[in-house]
Every structure is written in C-alpha cells, then in structure tokens.
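See below for the structure under consideration.
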Amino acid sequence: MQEQFKQLATTLRAEIERVPQTMRQDEVDRQVIILLLADALRQMGLLPVPAWKPPKSTRDRLDLVGVTPDSNPPEVQAAFAVDPLVELPKLKALKWVECPHKIIITFSTRSDKVQQSTFFLMPGLEHINLYD
705 MQEQFKQLAT
715 TLRAEIERVP
725 QTMRQDEVDR
735 QVIILLLADA
745 LRQMGLLPVP
755 AWKPPKSTRD
765 RLDLVGVTPD
775 SNPPEVQAAF
785 AVDPLVELPK
795 LKALKWVECP
805 HKIIITFSTR
815 SDKVQQSTFF
825 LMPGLEHINL
835 YD
C-alpha cells in the first residue's frame, strides 16, 4: 500500500505543478487534488461524494469520500481530508466515519510545518505528504 501512496503522491504533485505558477494558491492546489482523487475513485468503481459532513460530526466536512454505488445504507470505502497541513477539525470529522481507508493529504512545501502538524495524527489514518 505504501508504494501505491507514493505513486499517488507523485501523480498529484505533477498535476499541481502543471498549474501556471501565477495561478497557484493553496485553495487552487487543494481543489486540483480533490478533482484528481474523484477521478481515481471513479476508476476504482466508487461514487465520489465531495464535501460530505458525517452525521455525528459537529463542525467540518470531509473533502471527499468514495461510496460503494447502490449501497443502502451508503458504504463509505475511502475518506479524504486535503489541506496544506494536518488540521485537527478534519481529523475529528474523519473519526466519525466508518470506512477502511481514512487518508490525510498534505501539500505544503514547508516540510518542517507539515512535520509539526503530524502531531495530531491518530492511529488508523494514512498520511500522504506530497512534498515529502
């Protein structure tokens, strides 16, 4: 699985770097990542659902979840939080989701800041840093 995550990080990083430098902003990078992840979920046969707020979560939404099509109740197979750094409110939202793959993607080029923010990571979460 680690090798797949490294490949995913390489692909996402390459796509972000295709965006003209004058247009690069954290939110632009974040949305590019979410769009690419949605395409990857479709290729895996899952239904991508953006900006979903887990029922028990009081504050934050998850950036993207992959749901098994036609499942009732919906079966979430993967959940993603995408931010420049690891953000505690998103981790709390991930805590409320029952799914096999909970993934945090960070994309800050400041590796020292990303490393400091990983203090909040909990067991059971996968962390992919695009600029590792």
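Its first residue numbered 705, the sequence shown is counted upward by one per residue in this note's numbering.
All C-beta atoms in this analysis are idealised placements derived from N, C-alpha and C, irrespective of residue type, glycine included.
Item                                                                     : Value
Opposing strand residues paired with F784 [DSSP bridges]                 : L768 and I807
S821 beta carbon less than 8 Å from that of L789                         : yes
Continuous beta strand (DSSP E) stretch holding L789: start and end      : Per DSSP, L789 belongs to no beta strand (DSSP E) and is neither H nor E.
Option in R763, K796, L795 and W756 with minimal Cα separation from E780 : The amino acid at residue 780 is misidentified as Glu; the sequence shows Val. V780 has its Cα closest to that of W756, out of R763, K796, L795 and W756.
Burial state of K710 (16 or more Cβ within 10 Å)                         : exposed
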